[in-house]
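Have a look at the structure below, then the notes.
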Amino acid sequence: MTPPDALLRATINRLVARVGEGLADAAAGMAVAVQDAPERIRQEWDLFQEEVRAEAERLHQEGDPSESRSTQPPTDASDASLQERIDRLRAQVADLDNRLEDHT
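When you line the sequence shown up against the working numbering, it's residues 371 to 474, in that order.
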């Protein structure tokens with residue numbers, strides 16, 4: 371068996387080695403982050419500008435009554451009309467499907 375003081379020194383040596391590796395990994399990660407920071411900042415700035423332009427366009431359209439009429443949701447009558455049209459199209463598709471199955 372190894373003497374207790376050798377075990378203690380071995381434990382300390384291994385802890386120092388592991389902490390040193392962790393610090394080296396952290397330093398390498400920090401170096402990469404510092405190198406990538408200018409590009410990341412530019413990307414975030416471009417994205418922010420794009421969001422501002424989109425928001426300004428939305429606000430402009432919201433303030434223009436002629437454009438806002440076209441973006442209003444349809445009324446219940448037109449909803450019913452659309453649903454009827456969808457139902458007719460579904461029936462036509464089902465009929466075509468049945469015809470295809472009959473011919474195969």
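No residue lacks a Cβ here, since even glycine has one placed at the ideal position from N, Cα and C.
Residue i: CB within 7 Å of a non-hydrogen atom of the ligand COA
i, result
"Ala380", "The ligand COA is absent from the structure shown, which contains no ligand whatsoever."
Segment limits, alpha helix (DSSP H) that includes residue i
i, result
"Thr372", "Premise fails: Thr372 is in no alpha helix (DSSP H) and is neither H nor E."
Residue i burial status per 10 Å Cβ neighbour count (16 or more: buried)
i, result
"Leu470", "exposed"
"Met400", "exposed"
"Ser438", "Only weak support exists for where Ser438 lies, its pLDDT of 49 falling under 50; the value from the coordinates is given anyway. That one is exposed."
For this session: Pick out the complete alpha helix (DSSP H) segments inside the region 391-459, 4 residues or longer, and give them in chain order.
Result: 435-440
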